[in-house]
Amino acid sequence: MPPLLPAERCALTAPFHPYLQPVPWFPMMRNQEGGLFSVALSLRSPSPVVNRHRSSRGARTFLHHTQKRTTATVRPSGLRTPALGVAPGQGLCGAKAVLAAGGKNAHHTGMSDFSVPTSVSRPLSPNLPSRLLLGGIRWQEQRKKKHADRSAARSEAEAARSSDTQDAAHAEAQQHFLRALRKAMDTPSFPQRLSSLPLRRVVSLQVPGAVGPLSARLYIPRGRVRGAVLYLHGGGFVHCGLNSHHGICCRLARASGAAVLLPDYRLAPEHPFPAAVEDCHATLSWLARASARYWGGRVAVAGDSAGGNLAAVLAQDGKAGACPNPALQLLYYPSIYGRNDLPSQQTYAQGYFLSRRSMEWYAAQYIQREEDWAHPRFVPGLADDLSGLAPAVIVTAECDPMRDEGQAYAQMLSKAGVPVQYRCYPGTLHAFLNFYAFMPHGKAALRFGGRALRKAFAACP
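Under UniProt numbering, the residue at position 152 of the sequence shown is numbered 152, and the numbers go up by one with no gaps.
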């Protein structure tokens with residue numbers, strides 16, 4: 001048996017204790033070998049095999065040739081998954097009442113309803129793959145302690161500077177931090193060429209944005225294409241992009257039999273709210289036209305974390321006629337309630353990959369005006385009327401500070417008469433989709449979403 005890596009020894013031999021996160025961002029951003037998402041496989045993979053079309057006209061030329069019909073096969077799911085809550089009208093109480101009452105965390109391994117806890121309880125232990133990931137984070141944090149004295153000396157030197165010099169140095173450090181963070185976080189979790197093999201083609205193109213063209217990737221599955229999905233990546237509105245979510249979109253396209261478009265929308269803090277929403281509006285309108293021409297006119301929205309927030313906003317705007325109305329909204333551990341406090345944010349506030357402090361930092365980068373904190377395009381869970389929205393599929397992670405947001409939103413949608421499927425995967429952490437390479441629940445969640453998309457597109461006239 002090969003010797004264990006330090007992260008494996010830390011996770012397998014020691015009892016689980018949440019690690020203390022000293023900074024309001026992900027602690028693995030300084031990893032020179034690929035950053036956060038290279039934990040799954042420490043491989044530097046080449047760029048994906050793509051056809052590069054730099055305009056929507058070139059994209060249309062390619063789309064015209066993707067209509068060849070062949071037989072598509074999808075590997076059936078053999079993994080046991082937790083029970084889910086389905087159908088409208090099952091909600092027990094409103095999410096606003098939950099926010100006012102507090103809430104409690106119950107065991108969510110086999111849920112059949114959307115009841116949100118009412119008080120804070122003891123956190124649950126992550127599963128083995130999640131503990132391996134957290135063990136790697138703790139191990140890397142221990143390595144960083146060697147540089148503590150050097151950082152302290154640097155801080156003393158900065159304190160001796162004038163205020164103007166300090167402001168300039170702080171702004172420069174902030175820009176350097178954002179560049180390093182984005183470079184580290186926009187890293188694939190699996191070799192991109194291997195991810196693309198089951199698909200017919202991956203196309204790099206430019207699509208319309210609110211103020212100009214956006215870079216994007218279009219994932220075309222083998223066989224008959226049954227619709228189009230706009231997938232919006234997570235990353236707190238600040239980081240991630242086409243590389244970090246490449247594997248997710250490959251698997252979702254294969255599981256759903258639909259074309260998946262991944263746009264690189266504008267990021268905060270350079271482009272604060274509502275820049276991302278406006279870009280997604282323009283991209284969804286373009287995708288709806290492309291779907292009407294090539295794939296039968298069916299379109300859905302999907303996203304994880306901050307992308308789940310954007311997908312929920314698009315579904316509400318589609319109902320109001322501000323953009324095309326999707327056939328389904330697929331939300332993976334979405335951010336729904338903004339600054340409103342829910343019990344899971346206290347239970348898993350620190351030490352479970354995503355911290356409450358980092359959530360506050362992300363929100364502060366995206367929202368820069370006080371009046372926008374309660375805007376329905378940022379807090380879709382507090383909309384006055386949720387009836388008539390597209391059917392929803394909501395997936396959450398059990399050991400995630402944002403878990404109760406997705407659960408409460410599923411409850412509110414169900415109470416409003418919207419068909420809802422809700423599933424919480426036991427022992428998982430936030431962003432577990434990005435680690436599908438070694439987290440079986442990540443693969444299962446993508447297959448679950450793919451099946452829901454197939455059914456939604458099949459039900460469309």
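Beta carbons are placed, not taken as given, at the ideal position from N, Cα and C, and that holds for glycine.
With contacts defined by Cβ atoms closer than 9 Å, residue 437 and residue 190 form a contacting pair. Here the alpha carbons of residue 168 and residue 389 stand approximately 48 Å from one another.
Going by C-alpha positions, residue 265 is about 12 Å away from residue 273.
Where residue 302 is concerned, the enclosing beta strand (DSSP E) starts and stops at 299–304. Within the stretch 283–348, the runs of alpha helix (DSSP H) that reach at least 4 residues and sit entirely inside it are, in chain order, 306–320 and 343–347. Bounds of the alpha helix (DSSP H) holding residue 356 are 356–366. It is roughly 43 Å from the alpha-carbon of residue 340 to the alpha-carbon of residue 200. The C-beta distance from residue 328 to residue 453 rounds to 6 Å, short enough to meet the 8 Å contact threshold. Nearest C-alpha to residue 277 among 230, 412, 356 and 433: 230.
A Cβ-Cβ separation of about 16 Å leaves residue 279 out of contact with residue 269 under the 8 Å criterion. For the beta strand (DSSP E) assignment, the uninterrupted runs of no fewer than 3 residues enclosed by the stretch 188–233 are, from N- to C-terminal side, 199–208, 213–221 and 228–232. In this model, residue 306 and residue 364 are separated by some 13 Å (Cα to Cα). Counting other Cβ atoms within 10 Å of its Cβ, residue 384 stays below 16 and is therefore classed as exposed. Taking one beta carbon from each stretch, the stretch 215–228 and the stretch 172–185 have fewer than 3 pairs nearer than 8 Å; the two do not touch. Contact between the stretch 349–358 and the stretch 418–430 is present: 3 or more CB-CB pairs across the two stretches fall below 8 Å. Here DSSP, grouped into helix, strand and coil, assigns residue 382 to helix. Comparing alpha-carbon positions, the option among 282, 300 and 334 lying closest to residue 234 turns out to be 334.
The shortest CA-to-CA distance from residue 372 to any of 391, 338 and 400 is the one to 338.
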